[in-house]
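Working notes, beginning with the structure itself.
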Amino acid sequence: APTDPVITLNNTAPTNKTVRATTTYSADSVTKEVSYDEGVTWTKLANNTFTTYRDFTTNGEVWARAVDRAGNVSNIVKAQITNIDKLAPDAPTFHPDITELTNQNVTVGVEYSDDSHTKQYSLNGSSWLLYTNAIVFEKNGTLYARGIDEAGNISEVVNYVVSNIDKIAP
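According to the working numbering, the sequence shown is numbered sequentially starting from 1222.
This is the structure:
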């Protein structure tokens, strides 16, 4: 039988981008076939074509096989694209320690969804910092938060307004 085709993926890490699957056939392959539906439908490549590719925008599979001049068939090889994720994490939620009027500092914790790989907060809505601990407000202000998953999808940006601090004596 001819040498088995080789399928390579340009990215196997979590991504929200397109993944290119490239199938390469050996020189002893006379008939080169590829399938994207679990081997139900096979598409033959042109005679002089030894490489083909397909861009995946959603997860899927590539199957490939080859036949030599004597009619021997290679093993069917397949590659699964399972790393495409276009779903953003759930928006973070806020947990202030004091919600009633106070003359004390207010500490606001942020809870992120399990798929938030990167946890960020901002005090102005545009400069983002890594969230590691609850944020302490000495005066009223706004806390913004967002989560980013491993594929790069960003959650909705949410905010919590601290407006219950009053440290001015009557």
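Cβ coordinates follow ideal geometry from the N, Cα and C atoms, glycine included. Quick caveat, the model's predicted, so the values are computed rather than measured.
Identity of the residue in the options nearest residue i by Cα
i     : options                       : result
Q1325 : F1271, S1384, T1264 and A1242 : S1384
G1362 : D1370, N1345 and L1350        : N1345
Y1246 : T1328, P1235, D1225 and T1262 : D1225
I1369 : F1315, G1260, T1239 and Q1341 : Q1341
T1270 : G1292, T1244 and W1349        : T1244
K1360 : Y1257, L1322, L1351 and Y1333 : L1322
P1313 : T1239, N1380 and A1390        : N1380
S1348 : S1334, S1337, Y1333 and R1367 : R1367
S1334 : V1255, S1376, P1223 and D1258 : S1376
T1328 : H1338, T1353, V1357 and F1315 : V1357
F1315 : D1387, S1256, Y1352 and A1267 : Y1352
I1386 : S1256, T1262 and I1319        : I1319
Y1257 : N1268, T1272, A1267 and N1280 : N1280
Residue i - DSSP class collapsed to helix/strand/coil
i     : result
S1348 : coil
A1300 : strand
D1258 : coil
I1319 : coil
S1334 : coil
S1271 : First, the amino acid is wrong: residue 1271 is Phe here, not Ser. Note: F1271 maps to coil in three-state DSSP.
N1380 : strand
7 Å Cβ shell around residue i - same chain, five flanking residues per side excluded
i     : result
A1242 : I1228, L1230, Y1274, R1275, F1277, V1283, A1300 and I1302
V1251 : V1288, D1289 and R1290
N1374 : N1237, D1306, K1307, L1308, A1309 and P1310
G1260 : W1284 and I1297
T1233 : N1304
Test item: CB-CB of residue i and residue j under 9 Å
i     : j     : result
V1331 : A1309 : no
K1253 : A1285 : yes
Whole-number beta carbon distance between residue j and residue i, since they are thought to touch under 8 Å
i     : j     : result
V1378 : Y1365 : 6 Å
N1293 : V1240 : Going by Cβ atoms, the distance from N1293 to V1240 rounds to 31 Å, so no, they are not a contact pair.
A1248 : S1295 : Not really, about 13 Å apart at Cβ, beyond 8 Å.
Contact set for residue i: own chain, Cβ-Cβ below 6 Å, skip 5 residues either direction
i     : result
P1235 : N1304, D1306, E1371 and A1372
K1388 : N1324
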